[in-house]
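Q:
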Amino acid sequence: MITIENLSKIYGSQKVLNIESLNIPTGQSFGLVGNNGAGKTTLFSLLLDLIQPTTGYIINNDVQVNTSEDWKPFTSSFIDETFLIGYLTPEEYFYFIGDLRGQNKADVDALLAQYQDFFHGEILGQKKYLRDLSKGNQKKAGIVASFIGNPKVVILDEPFANLDPTTQIRLKQIIKELAEQKDVTVLVSSHDLIHVTEVCERIVVLNKGEVVKDIETSAETLKELEVFFGAESAQVVME
Amino acid sequence: MFKRFSSLQWKSFFRSSNLGKSLGIKIVMGFFGVYMLLSLAATGAGMYFILKEVFPDQSPMWSISQYFIYWILIELFLRYFMQKLPVMDIKPFLTTPVKKSTIAHYILGRSAASIYNLLTLFFVVPFAIVLLVNGYPAVNVLLWIVGIMGIILSINYVNLLVNKNDKVLIGIGSILALGYGLDYFGVFSVKEFFAPVFHALYAYPITVLIPIALAGIIYYVNFKYLRDKIYLDAKLQSKSVEANTSDMSWTKRFGEMGSFLQLDLKMIWRNKRTKSQVFISLLFVFYGLVFYTVEAYSSMMPMKAFVGVFMTGIFLSNFGQFIPAWDSSYYSMMMSQNIPMRKYLESKVILITVSVVGMFLLTIPYVYFGWEALAINFGCALYNLGVNIPVILYFGSFNKKRIELDQSPFGNMQGASATQFLVMLPVMVVPIIIFSIFYYIFNIEVAVGVLSVLGIIGFAMKNYLLGLITEQYKKKKYGMIAGFKEKAS
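Heads up: the sequence lines are chains Z and X, in that order. With the first letter of the first sequence counted as 1, position 108 gets the number 761 in our numbering; the numbers rise by one all the way through. With the first letter of the second sequence counted as 1, position 385 gets the number 529 in our numbering; the numbers rise by one all the way through.
#1: Taking DSSP as the reference, what is the three-state secondary structure of Lys368 (chain X)?
#2: Any chance the region 738 to 752 of chain Z sits against the region 777 to 791 of chain Z, with 3 or more Cβ pairs inside 8 Å?
#3: Only counting runs of 3 or more residues, tell me where the beta strand (DSSP E) segments fall wholly within the region 671 to 727 of chain Z, in order along the chain.
#4: Determine the direct distance from the alpha carbon of Pro812 (chain Z) to that of Thr850 (chain Z), and round the result to whole angstroms.
#5: Once DSSP output is grouped into helix, strand and coil, what is the label at Tyr740 (chain Z)?
#6: Locate the alpha helix (DSSP H) running through Leu595 (chain X), then write down its first and last residues.
#7: Determine whether the beta carbon atoms of Phe771 (chain Z) and Thr695 (chain Z) lie at a separation below 8 Å.
#8: Kindly say whether Tyr740 (chain Z), judged by its beta-carbon, lies nearer than 8 Å to any beta-carbon of chain X.
#9: Classify Tyr475 (chain X): buried if its beta carbon has 16 or more other beta carbons within 10 angstroms, exposed otherwise.
#10: Compare the Cα-Cα distances from Phe539 (chain X) to each of X:Glu548, X:Ala525, X:Leu549 and X:Leu566 and report the closest residue.
#11: For Arg855 (chain Z), name the three-state secondary structure that DSSP assigns.
#12: Please classify Glu879 (chain Z): does DSSP put it in a helix, a strand, or coil?
#13: Please list, in chain order, the residues of the region 479 to 497 of chain X that have any C-beta partner in chain Z closer than 9 Å.
#14: Given Val429 (chain X), which residues of its chain have a CB within under 8 Å of its CB, disregarding the five upstream and five downstream residues?
#15: Going along the chain, which residues of its own chain have a beta-carbon closer than 6 Å to the beta-carbon of Pro236 (chain X), five neighbours each way excluded?
#16: What does Ile732 (chain Z) reach in chain X if we use C-beta pairs closer than 9 Å?
#17: Indicate whether Phe338 (chain X) and Phe212 (chain X) have their beta-carbon atoms separated by less than 8 Å.
#18: Measuring alpha carbon to alpha carbon, tell me which residue in X:Leu489, X:Met568, X:Gln210 and X:Asn521 is nearest Pro340 (chain X).
#19: Taking Lys725 (chain Z) as the query, report the chain X residues whose CB atoms sit under 8 Å from its CB, ordered along the chain.
#20: So, with DSSP's three-state summary, where would you put Val331 (chain X)?
#21: Between the region 699 to 721 of chain Z and chain X, which residues of the former have CB atoms less than 8 Å from a CB of the latter, in chain order?
#22: Which residues in chain Z sit within 7 Å of Leu313 (chain X), going by Cβ to Cβ distance?
#23: My assumption, with CB atoms under 8 Å, is that Glu854 (chain Z) sits in contact with Ser682 (chain Z). Please give the rounded CB distance.
#24: Cβ atoms of Leu846 (chain Z) and Val686 (chain Z): under 8 Å apart, would you say?
#25: Among X:Ser461, X:Ser499 and X:Val590, whose alpha-carbon lies nearest the alpha-carbon of Ile520 (chain X)?
#26: May I have the straight-line CA-CA distance separating Val716 (chain Z) from Ile655 (chain Z), to the nearest angstrom?
#27: If we ignore side chains and look at the alpha-carbon of each, how far apart do Ile350 (chain X) and Gly294 (chain X) end up?
#28: Please list the partners that Asp752 (chain Z) has in chain X, where partner means a Cβ-to-Cβ separation under 7 Å.
#29: Hey, how far is the Cα of Leu326 (chain X) from the Cα of Glu336 (chain X)?
#30: So who's on the other strand from Asn860 (chain Z), going by DSSP bridges?
#31: Pairing CB atoms from the region 591 to 603 of chain X with CB atoms from the region 521 to 528 of chain X, are three or more of them under 8 Å?
#32: Please classify Val438 (chain X): does DSSP put it in a helix, a strand, or coil?
#33: Within 8 Å (strictly less), CB to CB, does Leu694 (chain Z) reach chain X?
#34: Which of the three DSSP states, helix, strand or coil, is assigned to Ile483 (chain X)?
#35: Does Ser541 (chain X) have its Cβ less than 8 Å from a Cβ in chain Z?
#36: In chain X, which residues lie with their C-beta within 8 Å of the C-beta of Leu737 (chain Z)?
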């Protein structure tokens, strides 16, 4: 269970995030949508204690994120390619992350075997450092690394961007399977409304740092979101 | 078009995000630069008199011509390390109606204005002025300068063609060694052979056309080569190296720190900047020779303490001062991963400790210059281990500048800030002061003893100190993450 209370982040005079209260129950697959600058990455960075909140706090499974580090063992994430260590090969990177999360080589190998399909033969055994892989392949490596060590909370920022169509479909399958496990909470942000509505049970829309919509995903959700963002653009035209 | 390119270059420099912040550094570097240029000019002006003194029976012009071949070879050799190939972000221009030949001309033209070409001028022009003052014929001297410029430009463009080819470097190095060897052992006088060739540039002004033509030809070859290579998949693409995976399971012996240690070793070995750092550190073992062999220093004990701290602590200061900026490109991952800060720091301590011990072992042969040398180096090594490691780690927490690992370290100020200059004070100067005080009041035994005891005390308090440093790193975490995200250009 993740609880967000009275959370805000202010840079200078600009309020980039302001969430009064938000609860994400354990096991939920949670989707975050919003335009550029809506505060998606800011929220995720706060969840990972990479930036300090101006006010308020986040509690991740009974641990207050900005005062204790005890959330780290059960939380994993992939935000962007700065999460990769460029001078390692993908295998070395996976083993390193495994080491940090108390998984030995065999554990990691077993996990990687499940994602052979997702890797599409482009990640393992390539004799290439991560820095020399293409953006899409870097992303694949980063996403799979975030599954190492049975995390209870998985945070993925824009996981679908830069991926080819086949991989996008496979990733959707993977996230769905992950979300089916009752004790794993998955947080995903995306620009792509179709993808999030497909994989997430609940969708929260951020706009200029505020929660403007909080909906259980249903057959009408996509339509509702399209109407919302369509209205946004109409409004921009009016202004 | 050239004007527009230049203005873009200008903007990319002045609008780079780290310009304002590192202004302090730029000023300090500027002073160094001016100092260097002035001393170069002074050497150039003084060279006439030096040569006259050393070789009284021949004209300084002849003397300098004798050594010119070595100058050229050495410059080629050094430029391999120092000179960066001129790059411009040409990708955006590929699809615009700019002729490829214009781009090629611009890139080559800009490299002609490289600082390395100017350096030689700062030496040659004062030398020439002194020649003129001493009544050498003006036409000859002026055309001689032009000829030299032609040679310098040729060197410049040859260097571009060679394009960081290791084999050529080894070739130049061997020719240099061979030539010097032949000269030294009197087998064949390379100096005498080439002296008339270069002296001709002065004696027969018409020969000035030769270096000019040479520079022109090499420029043209470069131009043709470059023009045909302006494609995304040719010249512009950075080469990717085949990964060599190495199983470093022996690091597991260090327990939890093993994985960090392994990561650090891979980082050092697989990135240009860190790798050269190690080689530079190793070279500094010979630094002691400068001090032990020179008569003037042999009685100055504080100088020996400096050498001791420096030699055993060179890796400590070179590598340590940029902790944790070495990990800057993936620091946010490290901070959100399941990493205990303390273990992370402890692994760095092990790495530096090994380096200090290793450097001390390498300096043991200096015992040849007397037991004091060994004793001082030993005391300094202990001091480095106990006191300087915690100090440098502590100052590391002030690092907020990103380092791109795969860039060359020469003239690379990336990651440097005022902190780096400040940290050198306690690390290098304090032990020398301590040593000098106890040396002049008591004697060398006491001075070495004090340094050693301080080191041992620091070592005994290691856990406590590391705890303090860990807290400091946790406190500074957000600033570091934000700072490391800013790409330096």
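Where a beta carbon is used, it is the ideal one built from N, C-alpha and C, also for glycine. Predicted model only: the values in this text are computed from it and were never measured.
A: Working from what's here:
#1: Looking at Lys368 (chain X) - three-state DSSP - the assignment turns out to be helix.
#2: yes
#3: 682 to 686 and 708 to 713
#4: One Cα belongs to Thr850 (chain Z), the other to Pro812 (chain Z), and the distance between them is close to 14 Å.
#5: Reduced to three states, the DSSP call for Tyr740 (chain Z) is coil.
#6: Ile588 to Ala604
#7: Against a cut-off of 8 Å, the Cβ pair of Thr695 (chain Z) and Phe771 (chain Z) comes out as no contact.
#8: yes
#9: buried
#10: Sorting X:Glu548, X:Ala525, X:Leu549 and X:Leu566 by C-alpha distance to the C-alpha of Phe539 (chain X) places X:Leu566 at the top.
#11: strand
#12: helix
#13: Taking a C-beta cut-off of 9 Å against chain Z, the contacting residues of the region 479 to 497 of chain X are Met479, Ser480, Gln481, Asn482, Ile483, Pro484 and Met485, listed in chain order.
#14: Met455, Met503, Leu506 and Thr507
#15: So no residue of the chain qualifies.
#16: Those within 9 Å of Ile732 (chain Z) in chain X are Ser476, Met477 and Ser480.
#17: Yes, these two residues count as a Cβ contact at 8 Å.
#18: X:Gln210
#19: Ser480, Gln481, Asn482 and Ile483
#20: coil
#21: If the cut-off is 8 Å between Cβ atoms, the region 699 to 721 of chain Z has Leu701, Asp702, Leu703, Ile704 and Gln705 near chain X.
#22: Per Cβ cutoff of 7 Å: no residues; Leu313 (chain X) is ~24 Å from chain Z at best.
#23: 5 Å
#24: Yes, the pair counts as a contact, with Cβ atoms nearer than the cut-off.
#25: X:Val590
#26: C-alpha separation (whole angstroms): 9 Å.
#27: 14 Å
#28: For a Cβ distance threshold of 7 Å, residue set Ser403 of chain X lies close to Asp752 (chain Z), ordered along the chain.
#29: Going by C-alpha positions, Leu326 (chain X) is about 12 Å away from Glu336 (chain X).
#30: Z:Glu863
#31: yes
#32: coil
#33: As written in the sequence, residue 694 (chain Z) is Thr, which differs from the Leu given in the question. It does not: the Cβ of Thr694 (chain Z) has no partner Cβ on chain X nearer than 8 Å.
#34: coil
#35: no
#36: By Cβ distance, chain X contributes Tyr474 and Met477.
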